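Chemist: If you read the sequences in order, they're chains F and A. Okay, so the first sequence: first residue is 1 according to full-length UniProt numbering, each after it adds one. Okay, so the second sequence: first residue is 1 according to full-length UniProt numbering, each after it adds one.
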Amino acid sequence: MVSSNVLLDSIQIEIGGDNEWPNDAKLFQPYETEQILMPDSANCLAVQAFLQMANLKYETVYKANAAEMSPTGRVPFIKVGQYLVAELEPIVAFVQNKNISLTSNLTDAEKSDMRAYMSLINTVFGNAENYITWCDPETYSKVTKKRFGSIHPFPLNHILVWKKRSATIERMKALGGKTEQEAVLDDVDLCCQSLSDRLGDREFFFKSGPTELDALVFGHIFTIITTPLPNNQLNGIVRGFPNLIEHCKRIDKMFFKTNFSSEWT
Amino acid sequence: MGGRFTKIPVVETETEDDTDWSKVGAFVQKVVVDGVRRTKDFVIHDQLKDVLEAKNFADVIKQSIAVKNKLEALGIFQKVGVLIDVSRGPDAVEDGYEVTFFVQESSRIKGGISSSFTFNELNCVVGLQLPNFTGIADRVFTEFGIGSNKSKSFHVSYLRPLYSFDRAIYKASVFQNISQRPMAGFKLLEQGLSSEISASFSPWGKQTLQWEGTIRNLSVLAKSVPFDVREHSGYTLKSSLRHILSLDTRNSSVLPTNGSLIELINEFAGLGGNVKHFKHELSLQFNCPLVSDYVLQQSFKCGLIHNFGKDYKAEPCDLFFLGGPLTLRGFQQDGIGPQVDGYFLGAPIYWASSLHLYTPIPFAAKSSLISFIRPHLFLNCGNISNLASNDLKSKVVDLSKNICVSTGLGLCLRIGQIARLEINYCVPLSFHHNDATIHGPQCGVGFTFL
Chain F
1 MVSSNVLLDS IQIEIGGDNE WPNDAKLFQP YETEQILMPD SANCLAVQAF
51 LQMANLKYET VYKANAAEMS PTGRVPFIKV GQYLVAELEP IVAFVQNKNI
101 SLTSNLTDAE KSDMRAYMSL INTVFGNAEN YITWCDPETY SKVTKKRFGS
151 IHPFPLNHIL VWKKRSATIE RMKALGGKTE QEAVLDDVDL CCQSLSDRLG
201 DREFFFKSGP TELDALVFGH IFTIITTPLP NNQLNGIVRG FPNLIEHCKR
251 IDKMFFKTNF SSEWT
Chain A
1 MGGRFTKIPV VETETEDDTD WSKVGAFVQK VVVDGVRRTK DFVIHDQLKD
51 VLEAKNFADV IKQSIAVKNK LEALGIFQKV GVLIDVSRGP DAVEDGYEVT
101 FFVQESSRIK GGISSSFTFN ELNCVVGLQL PNFTGIADRV FTEFGIGSNK
151 SKSFHVSYLR PLYSFDRAIY KASVFQNISQ RPMAGFKLLE QGLSSEISAS
201 FSPWGKQTLQ WEGTIRNLSV LAKSVPFDVR EHSGYTLKSS LRHILSLDTR
251 NSSVLPTNGS LIELINEFAG LGGNVKHFKH ELSLQFNCPL VSDYVLQQSF
301 KCGLIHNFGK DYKAEPCDLF FLGGPLTLRG FQQDGIGPQV DGYFLGAPIY
351 WASSLHLYTP IPFAAKSSLI SFIRPHLFLN CGNISNLASN DLKSKVVDLS
401 KNICVSTGLG LCLRIGQIAR LEINYCVPLS FHHNDATIHG PQCGVGFTFL
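1) Expressed to the nearest angstrom, what Euclidean distance is found between the alpha-carbon atoms of A/L369 and A/S283?
2) Tell me the DSSP secondary structure of F/P90 in three-state form.
3) Just to make sure I have the definition right: I need the residues of chain F whose C-beta is within less than 9 Å of the C-beta of A/N177. Which are they?
4) Would you tell me roughly how many angstroms separate the C-alpha atoms of A/I197 and A/E190, rounded to the nearest one?
5) Suppose you measure from the CA of F/K79 to the CA of F/I91; what does that come to, to the nearest Å?
6) Please determine, among A/T208, A/Y97, A/Q47, the residue with the shortest C-alpha to C-alpha distance to A/R88.
7) Report the CB separation of A/S430 from A/V405 in whole angstroms; it is logged as a contact under 8 Å.
8) Sort A/D95, A/S239, A/A92, A/H45 by Cα distance to A/L74 and report the nearest one.
9) What does a CB cutoff of less than 7 Å around A/V24 pick up in its chain, not counting 5 residues either side in sequence?
10) What residues match up with F/L84 in a beta bridge as DSSP calls it?
11) Name the residues in the region 127–153 of chain F whose C-beta lies less than 7 Å from a C-beta of chain A; which are they?
12) Could you name the residues of the same chain whose beta carbon sits closer than 6 Å to that of A/H356, not counting the 5 residues immediately before and after it, in chain order?
13) Please name the residue, chosen from A/F133, A/V86, A/N123, that lies closest to A/K152 on a Cα-to-Cα basis.
14) Answer yes or no: does any C-beta atom of chain F fall closer than 8 Å to that of A/Y158?
15) Assuming F/R198 is part of the alpha helix (DSSP H), what are its boundary residues?
16) Are the C-beta atoms of A/G324 and some chain F residue less than 8 Å apart?
17) Which residue or residues does DSSP assign as beta-bridge partners of F/V61?
18) Nearest CA to the CA of F/N99: which residue from F/F125, F/Q35, F/L56?
19) Residues of chain A with CB closer than 7 Å to the CB of F/N65, please, in chain order.
20) From A/A168 to A/L411, what distance separates their C-alpha atoms?
21) Using the rule of at least 16 other Cβ atoms within 10 Å of the residue's Cβ for burial, across every protein chain shown, is A/Q332 buried or exposed?
22) Could you tell me the boundaries of the beta strand (DSSP E) in which A/L421 lies?
23) By Cβ distance below 6 Å, which residues in the same chain neighbour A/Y158 in space, the five residues on each side in sequence not counted?
24) Along the beta strand (DSSP E) that carries A/H243, what are the first and last residues, could you check?
25) Quick check: is the beta carbon of residue 476 of chain A nearer than 8 Å to any beta carbon in chain F?
26) To be precise: take each residue of the region 164–197 of chain A, compare its Cβ to all Cβ atoms of chain F, and keep it if any distance is under 7 Å. Which residues remain?
27) For A/N307, which three-state DSSP category applies?
28) Could you tell me whether the Cβ of F/R160 comes closer than 8 Å to any Cβ of chain A?
29) What residues in its chain sit with their C-beta under 7 Å from that of A/D398, if we drop five residues either side in the sequence?
30) I want to know whether the region 140–154 of chain F touches the region 270–286 of chain A - three or more CB-CB distances under 8 Å.
31) Please say whether A/Q78 and A/S106 have beta carbons closer to each other than 8 Å?
32) Taking only beta-carbon positions, decide if F/E59 is within less than 8 Å of chain A.
33) May I ask you to report which of helix, strand or coil DSSP gives A/D91?
34) Take F/T123 as the anchor and find which of F/E138, F/T144, F/L190 has the nearest alpha-carbon.
35) Find the residues of chain A that neighbour F/P71, judging by a C-beta separation of less than 7 Å, and give them in chain order.
36) Excluding the five sequence neighbours on either side, which residues of its own chain have a C-beta within less than 8 Å of the C-beta of residue 506 of chain A, listed in chain order?
Listed below in structure tokens is the structure:
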């Protein structure tokens, strides 16, 4: 039974590309107002932005156990017909299988450039957001504990937040992420600088229009500048790059004007 | 009379001469317990009371045996011997007797490896026990088990008799279990605490009151597992109060030839936590010995889960599953009922019934074998329903439609005193369209059977 399921899985992925994008595609993510944490929020927003840019119809479904439901244990994930795909890059690849792509006009050099930037953002912003969420004592005790525990009954909330914290710190260390505040923030500053240089005064990172890189940058920048936290140093650094903020506002206006514009303060 | 070491239970109360020992006046003047090292005095005193009430010699012997059995039942002595003698010494009185119990306390630590069976899988269990831990006939025991079906279990328990409440036993445990239900597509990790008091009240059987707090993590086994199961992934906290009534008069729990079993389990989950249901399960079994070692056995089981709480949907791990080599034979384990994409979802209500005819072993000279191995003919039926309606009546009506029926014959083997192995040839007679039937040989082991 199990072996045939593995076979079935690979067949499903193979044939997943043949179908048209259905009308009942769903995006699963944690509750936005009371539960979601900064790293997850950035990833969910990036995927939403990408789907909006590709003009794909989807419905957002909020589930407290979205991470556990996800095939990789990470949010967000999409359900398209029978297929479940989690996280931005696999989702981009899945969509490309259906001959929908935002990068078809890019040269190979530009594509590899884009991938390098995306990987840089995932590493640096991901590490910084995890650091603020799980390692900064004030943020952890005042925000993270409350939000992460909000969906579980006592005493499960305390047990799980503690487990998640040790697992996250373990993973950050395994990935070689920095765990001193100054080093983390310096990295973010450098990363923002190189993104800002790359963007210049253009509308998007590439001339041909928005790509998944824009979606990913939007996800992180928007999350950082709109999430109120006791430790707002990350916010301070990002606000030092006006063209990135402008880029973020532009994408919000173009693709989310109904959903998010009210959150600008 | 003289000192006589009575090797119990061979007691010479019925001697050749016609002396009526119950008319011989006697009382116990002194009781000695020899060999006690770390057991607390009050534990022993508690057991000895009866012997002091004897009023004649027959009584003295009867009560001595009773006390010996009680001491053995504490489970803290390796050996218990009894010596009844006339009183000696300056205080000796006529008709006065002295009863001496020779005991040997068991060692401080015991270990073992054993096999057991649960949910149709073979488990290897490594155990460690600290008998008579603090000297009050309590014990600490721990077990670690690995199953053939990727299950793992571990527990540390503490068990002690409650002296203030006759024959009641208190037990507390910390445990962790990992189990799989491949037909339902999920894996379950349970970590928890439990605390229970059990007591026997004849004629009302054994009653157990139990509280259990469990953290459960459900995860799916494959990507192809349907979304209906996947959406229950993640952690839940179950805090439940359970009452178990068990009235068992059978002569064996595995291959009984006589007696009956009535067991009723009622569970209320929702004392804190986020699992909210009432769960009821009833098991009945009646054994009727017929002529020349033929035994007719009838069993019936049913269960019902009733959820409460707004928008609460029962977790797959709380639901009932039906089918398997020891329950509804002729179907795969959990292979009956509602399903999606080839996975069985379980249901909140079920019933199952069986009729067995156990026969003697043909051509076997020794009939003593039949307590280990018995051929049987069986007829099973049952049904499971996931009707969404909250109305019990319509559920019962639904359960009476499209009943699954199977029949066949095979061999039952007793393994130890608790498990049984069956090898059967099964013929499913009636089933639902998608049920996982087995037409032919089927083999299974387990604790519980129908």
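Just so you know, even glycine gets a beta-carbon here, dropped at the ideal spot from N, CA and C. For clarity, every value in this text was computed on a predicted model and none was experimentally measured.
Modeler: By the coordinates alone:
1) Distance between the alpha carbons of A/L369 and A/S283 is about 28 Å.
2) Three-state DSSP puts F/P90 in a helix.
3) Here the premise fails: no neighbours, minimum Cβ distance about 17 Å.
4) Looking at the two C-alpha atoms, the distance is approximately 22 Å.
5) Computed Cα separation, rounded: 10 Å.
6) Looking at the Cα atoms, A/Y97 is the closest of the given residues.
7) Correct: roughly 4 Å between the Cβ atoms.
8) With distances taken between Cα atoms, A/L74 lies closest to A/H45.
9) These residues qualify, in order along the chain: N56, F57.
10) Listed as beta-bridge partners of F/L84 by DSSP are F/K79.
11) Residues of the region 127–153 of chain F with a C-beta atom less than 7 Å from some C-beta of chain A are H152, P153, listed in chain order.
12) In its chain, beyond the 5 residues on either side, Q297, H376, F378 have a beta carbon closer than 6 Å to the beta carbon of A/H356.
13) Checking every option, the nearest Cα to that of A/K152 belongs to A/N123.
14) No, A/Y158 lies away from the interface with chain F (no Cβ there is under 8 Å from its Cβ).
15) F/R198 -> alpha helix (DSSP H) spans 181–199.
16) Answer no: the Cβ-Cβ gap between A/G324 and chain F never drops below 8 Å.
17) Partner residues in the beta bridge of F/V61, as assigned by DSSP, are F/F28.
18) If you compare the alpha carbons of F/F125, F/Q35, F/L56 with that of F/N99, the shortest gap goes to F/L56.
19) Going along chain A in sequence order, the residues near F/N65 (Cβ under 7 Å) are S233, G234.
20) Roughly 38 Å between the two C-alpha positions.
21) Counting of Cβ neighbours within 10 angstroms places A/Q332 among the buried residues, the total reaching 16 or more.
22) It spans 419–430 - the beta strand (DSSP E) in which A/L421 sits, taken as one unbroken run.
23) So the list reads V140, A172, once near-sequence residues are dropped.
24) Unbroken beta strand (DSSP E) run through A/H243: 234–248.
25) The question about residue 476 of chain A has no answer, for chain A in this structure spans 1 to 450.
26) Taking 7 Å as the Cβ-Cβ cut-off against chain F, the residues of the region 164–197 of chain A that qualify are P182.
27) Correct three-state label for A/N307: strand.
28) Strictly speaking, residue 160 of chain F in this sequence is Leu, with Arg absent from that position. At least one chain A Cβ lies under 8 Å of F/L160.
29) Answer for A/D398: S385, L387, listed in chain order.
30) Output reads yes: the region 270–286 of chain A touches the region 140–154 of chain F.
31) Yes. Within cutoff.
32) With 8 Å as the cut-off, F/E59 does not count as an interface residue toward chain A.
33) Under the three-state reduction of DSSP output, A/D91 falls in the coil class, being neither helix nor strand.
34) Residue F/L190 is the option with its Cα nearest to F/T123.
35) Neighbours of F/P71 on chain A, chain order: K223.
36) Coverage of chain A is limited to positions 1 through 450, which leaves residue 506 of chain A absent and any answer about it impossible.
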